[in-house]
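**Q** Per the working numbering, residue 212 is the first one in the sequence shown, and the count goes up by one each step.
C-beta atoms are modelled at their ideal positions from N, C-alpha and C, and glycine is treated no differently.
Computed from a prediction, not measured in an experiment: that's the story for all the values here.
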Amino acid sequence: MLEGMDPRPVGMFDSGVGGLSILREFRRLAPRERTVYFADTAYFPYGPRDPGEVRKRAFAITRRLVEADAKLIVVACNTASAAAVADLRQLFDIPFVGMVPAVKPAARASRSGRVAILATPGTFDGDLYTSVVEEFGRGTAIDRVVGHDLAELVERGETDTPAAREAVRAALAGTVANGADIVVLGCTHYEFLEPAIAAEFPGVTVLGTGEPVAKRACALLAELGLEAPPDAQGALDLIISGNREAFLETLPGLGFAPREAAEAQP
Ligand code: DGL
212 MLEGMDPRPV GMFDSGVGGL SILREFRRLA PRERTVYFAD TAYFPYGPRD
262 PGEVRKRAFA ITRRLVEADA KLIVVACNTA SAAAVADLRQ LFDIPFVGMV
312 PAVKPAARAS RSGRVAILAT PGTFDGDLYT SVVEEFGRGT AIDRVVGHDL
362 AELVERGETD TPAAREAVRA ALAGTVANGA DIVVLGCTHY EFLEPAIAAE
412 FPGVTVLGTG EPVAKRACAL LAELGLEAPP DAQGALDLII SGNREAFLET
462 LPGLGFAPRE AAEAQP
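(1) Which residues bound the beta strand (DSSP E) around Gly-368?
(2) Assign Gly-466 to one of two classes, buried (16 or more other C-beta atoms within 10 Å of its C-beta) or exposed (fewer than that).
(3) Taking the straight line between their C-alpha atoms, what separation do you get for Thr-416 and Arg-376?
(4) Under three-state DSSP, which class holds Ser-403?
(5) Flag this pair as yes or no: are the beta carbons of Val-257 and Leu-447 separated by less than 8 Å?
(6) From Lys-282 to Phe-412, what distance separates their C-alpha atoms?
(7) How big is the Cα-Cα spacing for Val-395 and Ile-328?
(8) Buried or exposed: Ala-430, going by 16 or more other Cβ atoms within 10 Å of its Cβ?
(9) Among the candidates Ala-291, Lys-426, Leu-299, Ile-353, whose CA atom is the shortest distance from the CA of Asp-392?
(10) In the structure shown, what three-state DSSP assignment does Tyr-257 receive?
(11) Evaluate the contact criterion for the region 340-354 versus the region 312-324: three or more CB pairs, one atom per stretch, below 8 Å.
(12) Please classify Ala-382 as buried or exposed, where buried requires at least 16 neighbouring CB atoms within 10 angstroms.
(13) Residues bridged to Val-222 by DSSP?
(14) Measure the CB-CB distance between Val-228 and His-400 and report whether it falls below 8 Å.
(15) State the DSSP-derived secondary structure class of Arg-449, mapped to helix, strand or coil.
(16) Is Asp-442 buried or exposed, if buried means 16 or more other CB atoms sit within 10 Å of its CB?
(17) Can you list, in chain order, every residue whose CB sits closer than 6 Å to a heavy atom of ligand 1?
(18) For Val-326, which of helix, strand or coil comes out of DSSP?
(19) Does DSSP classify Ala-475 as helix, strand or coil?
(20) Looking only at DSSP bridge pairs, what is Leu-396 linked to?
(21) Please classify Ala-473 as buried or exposed, where buried requires at least 16 other C-beta atoms within 10 Å of its C-beta.
(22) What is the rounded straight-line gap between the Cα of Val-286 and the Cα of Gly-324?
(23) Is it the case that the Cβ atoms of Pro-262 and Ala-294 are separated by a distance below 8 Å?
(24) Checking 8 Å against the spacing of the C-beta atoms, do Asp-280 and Pro-220 come in under that value?
(25) Ile-353 bridges to which residues according to DSSP?
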């Protein structure tokens with residue numbers, strides 16, 4: 212395959228709309244790439260599920276994305292990355308980009324020495340999280356904050372409503388009062404709550420992983436000679452395991468134009 216001549220799509224998946232926060236950045240950086248996005252809404256939420264169950268879903272979705280001819284897969288979900296990315300790399304002969312909460316940049320940027328990681332129970336329970344905390348979190352006080360019901364709010368399209376504001380306030384007020392000056396968004400759904408968090412806690416820096424993960428995907432495509440041809444037109448296909456209409460209705464509220472939703476045929 213010649214460099215910059217691979218027209219196959221990039222696969223991405225999440226339990227629902229969360230991974231669209233990665234997709235948004237990826238499309239901005241690589242507008243010529245086609246993307247197949249698998250939203251596993253029939254199994255939403257992943258966060259409280261047994262890791263074995265999330266792993267099974269990750270395998271099934273990967274098989275489906277390989278069938279759709281994906282050249283690289285972005286696991287656009289911290290919970291699924293925690294449960295499955297190591298095994299996916301062993302089992303499938305295709306490059307993967309996984310995610311882990313941004314502990315390293317948070318520890319570096321904190322002036323108070325205390326940071327809050329906002330994530331799902333599945334992400335906190337995984338070895339990946341433990342290893343980044345061991346490697347990069349030494350000397351920093353790290354508050355684990357489980358985002359109860361936050362992914363559910365975003366999945367319903369509630370990102371800056373009074374209910375969303377109330378939920379982020381309830382989740383983060385304690386850690387911010389204790390001195391946390393950085394909040395790490397350790398779940399792709401929470402990226403959409405960034406404006407609500409910033410408005411509720413103006414003195415706090417909110418760190419997400421949308422852009423770094425999208426950049427990593429672009430770098431890997433370039434490194435492996437998998438970039439789309441120069442004249443390629445980017446496109447988006449959606450595969451939705453649950454209710455398609457409900458999913459499409461949520462898209463405009465998350466900043467995806469209706470045109471893009473209409474573009475997305477099964
Ligand atoms: N978006 C997923 C993540 O990044 C989790 C949401 C869910 O609980 O399904 O962890």
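**A** Taking the geometry as given:
(1) Looking at the DSSP string, Gly-368 is not in any beta strand (DSSP E), and its letter there is neither H nor E.
(2) exposed
(3) 17 Å
(4) Per the sequence shown, the amino acid found at residue 403 is Phe instead of Ser. Phe-403 falls in the helix class under three-state DSSP.
(5) Looking at the sequence shown, residue 257 is not Val but Tyr. Cβ distance not < 8 Å, so Tyr-257 and Leu-447 don't count as in contact.
(6) 40 Å
(7) 5 Å
(8) exposed
(9) Ile-353
(10) Taken through DSSP and simplified to helix, strand or coil, Tyr-257 comes out as coil.
(11) yes
(12) It counts as buried.
(13) What sits at residue 222 in the sequence shown is Gly, not Val. Bridge partners of Gly-222: Val-247, Ile-284.
(14) yes
(15) Strictly speaking, residue 449 in this sequence is Leu, with Arg absent from that position. Reduced to three states, the DSSP call for Leu-449 is strand.
(16) exposed
(17) Asp-225, Ser-226, Gly-229, Phe-255, Pro-256, Tyr-257, Gly-258, Cys-288, Asn-289, Thr-290, Thr-331, Thr-334, Ala-362, Cys-398, Thr-399, His-400
(18) strand
(19) For Ala-475, the pLDDT reaches just 49, beneath the cut-off of 50, and the residue's location in the model is therefore unreliable, although a value from the coordinates is still provided. Correct three-state label for Ala-475: coil.
(20) Leu-329
(21) Summary for Ala-473: the model assigns pLDDT 49, below 50, so the residue's position carries little reliability, and this model does not support an answer.
(22) 30 Å
(23) The answer is yes: Cβ separation under 8 Å.
(24) With respect to Pro-220, Asp-280 sits close: the two C-beta atoms are nearer than 8 Å.
(25) Bridge partners of Ile-353: Val-326.
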